[in-house]
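Reminder that position 1 of the sequence shown reads as -4 in the numbering used here, one-by-one numbering, no gaps.
Yeah, the Cβ is synthetic: ideal placement off N, Cα and C, and Gly gets one too.
These notes are about the structure you will find just below.
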Amino acid sequence: MPNIEDVIKVQEEVSALSNAPLAIIAGAIWIFITVAFIVFLFREKKAFSLKGWIYSFSFLVILFAVTGYLTYTIKEYNFSMNEEKWEENYLKRYLESLPEKRENIEDFSQVLNDENTIKSIYMNKDTQPIVVEISKSQDIDSIQKKIRLQAIVQKEQIDKPYITYKTIEKDISDKYTKDQYYETVLHIPSDYKVIVPSK
-4 MPNIEDVIKV QEEVSALSNA PLAIIAGAIW IFITVAFIVF LFREKKAFSL
46 KGWIYSFSFL VILFAVTGYL TYTIKEYNFS MNEEKWEENY LKRYLESLPE
96 KRENIEDFSQ VLNDENTIKS IYMNKDTQPI VVEISKSQDI DSIQKKIRLQ
146 AIVQKEQIDK PYITYKTIEK DISDKYTKDQ YYETVLHIPS DYKVIVPSK
């Protein structure tokens, strides 16, 4: 099972692939320049003085160094991986291995305004969460705290509503951060109704 470091490492490799076309083009250009310069040296070798050969050799070393660096960079790209494969083989498996958090709630309602809402990510791309405002009791003086979050609603044979969700320990990318929830579900009694507010 991949850990958070594996997930981040492979994600960085996938992100780096966006630079691959430029690196390949640059590599091809520098290889062409290197080959052309070597051909030029062979053709003009009799015309060079000692000083000319020193300058030419120095330039050739630079060409080989740049070409070698670009070749190494291209070889380091993981062309067998893309965003979809990463999500399926790394991110999804990592999220599935995380413990699910559960919190009892006192009340909830659907809201249309998603301002200051805790976003939730779902591995199933077809999932359409709604924005709900939930009330949770604080330990101190039973003060209720209200928060807005994205969730899917699931009716069950239970007495009181609660939410389940997962969190990650550190940011994976700009899209997958520790400030949002993952696979958030609002569990409600089967006889409850979620009233959609009017605009």
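Asked                                                                                                                          : Found
Contacts around K98, its chain only, beta-carbon distance under 7 Å, and the 5 residues preceding and following it disregarded : A quick correction: the sequence has Glu, not Lys, at residue 98. For E98, where only same-chain residues beyond five positions count, the Cβ hits under 7 Å are K131, Y157 and I158.
Burial state of L17, where buried means 16 or more other Cβ atoms lie within 10 Å                                              : exposed
S193, buried or exposed, once every other Cβ within 10 Å from all chains shown has been counted against 16                     : Note that S193 has pLDDT 47, beneath the 50 cutoff, so the model's placement of it is unreliable and the number below is only indicative. Its Cβ having fewer than 16 others within 10 Å, S193 is exposed.
Expected contact under 8 Å - CB spacing of V2 and Y72 to nearest Å                                                             : No, V2 and Y72 are not in contact; Cβ-Cβ is about 19 Å, not under 8 Å.
Pairwise C-alpha distance: A15 and L65                                                                                         : 10 Å
Strand pairing of R143, partner residues [DSSP]                                                                                : T112 and E128
Element boundaries [alpha helix (DSSP H), containing V9]                                                                       : I(-1) to A11
Identified DSSP bridge partners for K96                                                                                        : Y160
Span separating the alpha-carbon of V180 from that of F27                                                                      : 57 Å
Range of the contiguous alpha helix (DSSP H) that encloses I24                                                                 : A15 to R38
Under 9 Å between C-beta atoms of I153 and I113                                                                                : no
Option nearest T162 by Cα separation, candidates D102, S92 and F103                                                            : S92
Selected residue, minimal CA-CA separation from H182, among Y171, D174 and K150                                                : K150
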